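If you use full-length UniProt numbering, the sequence shown corresponds to residues 1 to 150, in order.
Cβ coordinates follow ideal geometry from the N, Cα and C atoms, glycine included.
This one's a predicted model, so the numbers in the text were calculated from it and none came from an experiment.
Here is the structure we will look at, set down as structure tokens.
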Amino acid sequence: MPSKQSSLFLWAFFQGNLGRSQKVTQELPHIFPGQVPNVYLLPEPYLFNAEAYGLPFKSACGCSKTWKVLFAVRNKEISMITRHIGNNLVAVELAVGADMFKIVSMYFPPSSNKNQLVRELEDALEKLRSHKVIIAGDANIRSSLWGPEL
1 MPSKQSSLFL
11 WAFFQGNLGR
21 SQKVTQELPH
31 IFPGQVPNVY
41 LLPEPYLFNA
51 EAYGLPFKSA
61 CGCSKTWKVL
71 FAVRNKEISM
81 ITRHIGNNLV
91 AVELAVGADM
101 FKIVSMYFPP
111 SSNKNQLVRE
121 LEDALEKLRS
131 HKVIIAGDAN
141 IRSSLWGPEL
């Protein structure tokens, strides 16, 4: 008896700093001809009247408290549970059937206190309760490990 193949869900992610640019946001649909991402992780999104403006779809969204990070899901098959919203990050669980991802999307501004930012990331990871987490973002933190202090 032949076995029945299950259909696989194709996950497609995009992570990029939009620099609060309306023009860049409006280009998102043209960046990926043929395969549009299901999930967008966007540090420094373009906002208008405290809303995510210019995204090429209607979606489930989550924003950090300071609007520095936008997490957007465009595919309605994907369920999203927000586990943590901080000043500089959003932590979520995404699922389709048995497939699940735990993801942190972050933006750490260069002028911020790095100890405070690391504590915020640790808090988010603790709330996700997993050792398997995707961390994506823009971490503008200087360290003596990779260059001199400015």
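Query, Result
"My parser needs the beta strand (DSSP E) runs of 3 or more residues fully inside the region 103-145; what are they?", "134-139"
"What is the C-beta distance between residue 92 and residue 80, in whole angstroms, given that I count them as a contact (C-beta under 8 Å)?", "5 Å"
"How about residue 69: is its C-beta nearer than 8 Å to some C-beta of chain B?", "No chain B is present in this structure, which holds just one protein chain."
"Here's the rule I'm using: 16 or more other beta-carbon atoms within 10 Å means buried, otherwise exposed. How should residue 49 be labelled?", "exposed"
"When you compare only the Cα positions, how much space is there between residue 151 and residue 127?", "Only positions 1 to 150 of the chain appear in this structure, which leaves residue 151 out of reach."
"In the DSSP output, what is residue 153 paired with across the bridge?", "There is no way to answer for residue 153, as the model of the chain reaches only from 1 to 150."
"With burial defined as no fewer than 16 other Cβ atoms inside 10 Å of the residue's Cβ, what is the status of residue 122: buried or exposed?", "exposed"
"Keeping to the same chain, check which residues put their C-beta closer than 6 Å to that of residue 39; ignore five residues upstream and five downstream.", "13, 73"
"Quick check on DSSP: helix, strand or coil for residue 66?", "coil"
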